[in-house]
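Remarks on the structure that follows.
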Amino acid sequence: MDTARPHGHPPREIVSIADTCSAALQSMPRLEIWLKELGLPVDPALVPLMCLQTAFFTPWLPPETCYRMARLTVWLMAIDNVLDAPDAPDAADAATCKGPDGPPTRVRAWHRALEGHDSDGVSEGDSDGDRAGVSDDPIARALAEIARDLDREGRPELTAVWRKSMHQTLIGMQWEREAARTAATGGGITGLTDYLRHGAWTIGVEQQVTALWALMDEPGLSRRLPLLLGALRQAATAIRLLNDLRGHQREQSEGKTDALALGLTEQEVYRRAEAGLENCRRALAPLTAAGYGSAVALERVALWHARMYHHFDPVRPGQAATAPLPGGSGSATPARHSPFIPQPREAPAMSIEQEVLDVIASGGQCDNAKLTELFDRLEPVDTDLLIGTWQGGAFEHTSENAALLTKMRWYGKRFVDADHVEPLLCRDEDGTVFSYEEMGLATLREVVHRGKQSTAMVYDQLPIIDHFRRLTDNVLLCVMDKKETPTDFFFHLTRVPASPPRPPGDGG
237 MDTARPHGHP PREIVSIADT CSAALQSMPR LEIWLKELGL PVDPALVPLM CLQTAFFTPW
297 LPPETCYRMA RLTVWLMAID NVLDAPDAPD AADAATCKGP DGPPTRVRAW HRALEGHDSD
357 GVSEGDSDGD RAGVSDDPIA RALAEIARDL DREGRPELTA VWRKSMHQTL IGMQWEREAA
417 RTAATGGGIT GLTDYLRHGA WTIGVEQQVT ALWALMDEPG LSRRLPLLLG ALRQAATAIR
477 LLNDLRGHQR EQSEGKTDAL ALGLTEQEVY RRAEAGLENC RRALAPLTAA GYGSAVALER
537 VALWHARMYH HFDPVRPGQA ATAPLPGGSG SATPARHSPF IPQPREAPAM SIEQEVLDVI
597 ASGGQCDNAK LTELFDRLEP VDTDLLIGTW QGGAFEHTSE NAALLTKMRW YGKRFVDADH
657 VEPLLCRDED GTVFSYEEMG LATLREVVHR GKQSTAMVYD QLPIIDHFRR LTDNVLLCVM
717 DKKETPTDFF FHLTRVPASP PRPPGDGG
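When you read off a place in the sequence shown, starting at 1, and then add 236, the result is the number in my numbering.
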């Protein structure tokens, strides 16, 4: 990702660094007073960093908005410090602790505060005086204040998105805490997929960005949410990986699990992070080019965090990095880190399956000969596997088919059932995904292709059949078989994850 400045924005559209610093300077004394009065467990020396980054995210917004965002950033760091505290109850005690200081009890109180209720049942709308004595937990009081202000000043439909992301970060942090304790006591090791899903919630990026969206007066923002949220998840996962690279030694000493502890090399982590940032940028490109503040803000948040981790660990900002970020160009030979599980001395040679998966993740290209070889080796798929929404992409960008899909702003496919398939999900000018039906819909049928019977997609009005093979349960290698066309067109589909389960207290 080009980190010199947000992609697609000429210099005249970027607010000067002087304005950014001015907003930050106005926030610093207020933020330090706020965290000291509440007694939040955050080093006041971090206040300048919190204020600078939030002013940089959206320098076109008023200083008051930057201050409110800085409070949220401080709060996210505070709960991380609380749940990582070395004197917290051990795993056995934490599971059953009923006291007000036990982490599970406090996390439940934070969920309630997020919904406008404290642990004693005081609700939104009660006087400040009534609120003052109902809770001795500074974290809960700070969260209630942040949520109350956002409810008052934010757009309701977008504040709901922020609140959901906040519930997710609480769920994710509690999950990480228990996973680390289980590993430390010799229990099972979490999988990389689960780790990255929760890690994207807990790194704090999603909570910052969704709060900014709620405070923006941008017409039509809600219609762009599907695209924006997809790009946001890519960015959050990438920043989590960069955090693991920069803070691995610290987290290892604290007994935490990270992507390196789960077996990835530094180069693999770095490459995945770079691919995620690039995928985020590509997805946002139509919106940033059009000047939508929601997309520009997300890009700037990703930019800030990426550059920050290239230079230092924000948990220890006083210790400047003395070496490039591990895994990048110029770093040392690949090294695996294994504080909890043994690793082979040498990594196995990359399989063709993994090579193609990496191409898909990075948005790169791959030749048809290699794809044909892999397609013939892969297993067929059935209808049940296909049901859902999938995001697509091509392995090349020069053929007639690739050019047509680019022109259509093709997004992917939606398989409702065997008799109802929307083969051409596209994006409109605002980035909203819709079903383009001028070329008809499609159905699923069992078809033999290249010697294997598999579920295939047959267009209703076009002489085209799409054949699928399983790379993973969530990634498919596909080929378009078009009548009277000698060359097959390969493409890929990646499952769009369903919404995560609702957190405790979220209306259920």
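The C-beta atom is built at its ideal place from N, Cα and C for all residues, glycine as well.
For the pair of segments examined, the region 530-539 was found to touch the region 288-305: the number of CB pairs separated by less than 8 Å reaches three. An exposed status is given to GLY456, since fewer than 16 other beta-carbon atoms sit within 10 Å of its beta-carbon. In this structure, DSSP gives TYR695 an extended state, which the three-state scheme calls strand. For ILE407, the secondary structure class from DSSP, reduced to helix, strand or coil, is helix. In this structure, the CA atom of ASN604 is about 19 Å from the CA atom of THR730. Straight-line measurement puts the Cα of ASN479 at about 19 Å from the Cα of VAL278.
Per the Cβ contact rule, the region 297-307 is not in contact with the region 424-442 (fewer than 3 Cβ pairs under 8 Å). Just measuring C-alpha positions, the residue of LEU498, ILE315, LEU622 sitting nearest ARG342 is ILE315. In this structure, the alpha-carbon of ILE382 lies about 34 Å from that of LEU496. Given a length threshold of 3 residues, each whole run of the beta strand (DSSP E) inside the region 602-638 is given here in chain order: 624-630. Within the same chain, PHE725 come within 6 Å of ASN637 by CB-CB distance, once the 5 residues on both sides are set aside. Remark: fewer than three beta-carbon pairs, one from each stretch, lie closer than 8 Å, so the region 592-611 and the region 637-657 are not flagged as touching.
Bridge partners of GLN689 according to DSSP: VAL684. Per DSSP, the beta-bridge partners of GLU658 are ARG650. The three-state reading of DSSP puts MET644 in helix, counting H, G and I together. Judged by beta-carbon spacing, THR426 lies beyond the 8 Å limit of THR501, meaning their Cβ atoms are not closer than that value.
Straight-line spacing of the CA atoms in VAL310 and MET716 works out to 51 Å. The residue among LEU406, GLY499, TRP398 with its C-alpha nearest the C-alpha of LEU468 is TRP398. The region 406-425 makes no contact with the region 254-268; the number of CB pairs closer than 8 Å stays below 3. Going by beta carbons, THR691 and ASP655 fall outside the 8 Å limit.
Taking 8 Å as the upper bound for CB-CB distance, THR405 and ALA450 are not in contact here, some 16 Å apart. Shown here, MET716 sits in a strand according to DSSP, grouped into three states. Straight-line spacing of the CA atoms in VAL694 and VAL711 works out to 20 Å. When DSSP reads this structure, ASP702 sits in a beta bridge with MET693, MET716. When the beta-carbon positions are compared, LEU274 and GLN443 stay at least 8 Å from each other.
Unbroken alpha helix (DSSP H) runs of no fewer than 4 residues, entirely contained in the region 366-453, are found at 374-389, 392-420, 428-438, 441-450, following chain order.
Taking C-alpha positions only, TRP346 is separated from LEU379 by approximately 7 Å. Looking only at PRO392, GLY408, ASP549, the smallest Cα-Cα distance to LEU448 is reached by PRO392. Counting along the chain, SER671 sits inside the beta strand (DSSP E) bounded by residues 669-671. Closest in alpha carbon position to ASP709, among TRP270, HIS728, HIS547, is HIS728. Rounded to whole angstroms, the gap between the alpha carbons of ALA349 and ASN317 is 19 Å. Just measuring C-alpha positions, the residue of GLU674, GLN289, ALA376 sitting nearest ASP696 is GLU674.
In this model, GLY440 and GLY676 are separated by some 42 Å (Cα to Cα). If you draw a straight line from the Cα of GLY667 to the Cα of PRO522, it is about 7 Å long.
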